[in-house]
Amino acid sequence: MRSLKSSTNIMLSVISFLTLAVATSLYAQTPLTAEQIDQRLQKFKGSSFVFTSWGGAFQKAQRNAFLDPFAKKYGIKIIEDNFSSDAKIVAM
Numbered sequence: 881m882r883s884l885k886s887s888t889n890i891m892l893s894v895i896s897f898l899t900l901a902v903a904t905s906l907y908a909q910t911p912l913t914a915e916q917i918d919q920r921l922q923k924f925k926g927s928s929f930v931f932t933s934w935g936g937a938f939q940k941a942q943r944n945a946f947l948d949p950f951a952k953k954y955g956i957k958i959i960e961d962n963f964s965s966d967a968k969i970v971a972m
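Number 972 marks the last residue of the sequence shown (the numbering used here); no jumps.
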């Protein structure tokens with residue numbers, strides 16, 4: 881038979897979990913303004929990111945439309961790669 885203290889700890893754990901779940905849900909549903917998004921992205925200045933796409937003209941269009949302007953605006957380096965072969969993945 882469980883002690884009262886053990887049952888109380890379990891109930892507190894359940895209540896803590898539910899509180900965290902509700903708080904996370906409410907936070908996740910709160911939309912960010914463009915200014916807030918911009919402020920958060922400024923933290924990545926000087927960082928590098930890897931972008932993987934299918935290559936060719938499609939990746940070139942993505943680079944021109946999204947990657948280059950994004951990298952310039954936020955001062956990040958984007959390292960591009962493509963899905964050239966499954967052998968490369970298997971070798972990893």
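By construction, the Cβ of each residue, glycine as well, lies at the ideal position given by its N, Cα and C atoms.
Predicted model only: the values in this text are computed from it and were never measured.
Rank Q939, A901, A903, L898 by C-alpha distance to the C-alpha of N962 and give the top, closest one. Of the candidates Q939, A901, A903, L898, the one whose C-alpha sits nearest the C-alpha of N962 is Q939.
Identify every residue that forms a DSSP beta bridge with V930. I959.
On the DSSP letters alone, give me the boundaries of the alpha helix (DSSP H) that F950 sits inside. Element bounds for F950: 948 to 954.
Is it the case that the Cβ atoms of I959 and F924 are separated by a distance below 8 Å? Here I959 is not near F924, since their CB atoms are 8 Å or more apart.
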